[in-house]
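Residues in the sequence shown are numbered consecutively from 432, following the working numbering.
Cβ atoms here follow ideal geometry from the backbone N, Cα and C, with glycine treated the same way.
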Amino acid sequence: MSWPSVIILVPAGRRMSLEGRIRAFGLAPDPATGGERLHWHGYSYCFDLSGRILADYEPDEIEHVTASIGEPYAVQVSCQSMDAARAFLHDVLPGVDGLVDTNHFEILPAAGFLTLMNGHPGWDWRRRPSTDLASGSGDGPPGLSGHQEGA
Numbered sequence: 432m433s434w435p436s437v438i439i440l441v442p443a444g445r446r447m448s449l450e451g452r453i454r455a456f457g458l459a460p461d462p463a464t465g466g467e468r469l470h471w472h473g474y475s476y477c478f479d480l481s482g483r484i485l486a487d488y489e490p491d492e493i494e495h496v497t498a499s500i501g502e503p504y505a506v507q508v509s510c511q512s513m514d515a516a517r518a519f520l521h522d523v524l525p526g527v528d529g530l531v532d533t534n535h536f537e538i539l540p541a542a543g544f545l546t547l548m549n550g551h552p553g554w555d556w557r558r559r560p561s562t563d564l565a566s567g568s569g570d571g572p573p574g575l576s577g578h579q580e581g582a
């Protein structure tokens, strides 16, 4: 399986804030991809901060995202492992008023995504939808349908 990746979506007006938060980790240019990379706490990451990933979204997905946060800006984060993904997202997402696209058919509010990661430390969103994590009522966290990586 390829590196886990997520897409962090925020209102376009908050682009600089999200970019600044991510760049503070000490990104380096990655000539091979044209993006940026990071080696942090023993993990490797690749970033696309261009926002071009939005071109991969279906029109109905863009509609759902826009209805939730307005005109979006997106950062794609590819992580060497699920542990790497959890470590980075635990540090970067607090206070982010936006969405997380799991690249596996779910787009969740960032705060809800963090709550799920904290409540289910071994959760692999590539294999198990958030709705399977709900206990009791059978209701999952509020979210939007999302696109599948590579779709």
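- Per DSSP, Val527 lies in no alpha helix (DSSP H) and is assigned neither H nor E.
- Taking Val523 as the centre and dropping the five residues before and after it, the same chain places the C-beta of Arg452, Ile453 closer than 7 Å to its C-beta, in chain order.
- For Ala541, there is no enclosing beta strand (DSSP E); the residue is part of the alpha helix (DSSP H) that begins and ends at 541-550.
- In this structure, DSSP gives His495 a helical state, which the three-state scheme calls helix.
- For Glu450, no beta strand (DSSP E) run applies; the uninterrupted alpha helix (DSSP H) run containing it begins and ends at 446-454, by DSSP.
- The beta-carbon distance between Val437 and Thr533, rounded to whole angstroms, is 6 Å. This is short enough to meet the 8 Å contact definition.
- If the five residues before and after Gly550 are omitted, its C-beta is found closer than 8 Å to the C-beta atoms of Leu564, all from its own chain and listed in chain order.
- The shortest CA-to-CA distance from Ala455 to any of Glu467, Pro503, Glu492, His495 is the one to Glu467.
- Counting along the chain, Trp471 sits inside the beta strand (DSSP E) bounded by residues 466-471.
- A Cβ-Cβ distance of about 17 Å is found for the pair Leu480 and Val496, leaving them out of contact under the 8 Å criterion.
- In this chain, the beta strand (DSSP E) harbouring Asp479 covers 474-479.
- Here the C-alpha atom of Met513 lies approximately 10 Å from the C-alpha atom of Phe519.
- In this structure, the beta-carbon distance from Ala516 to Pro435 falls below 7 Å.
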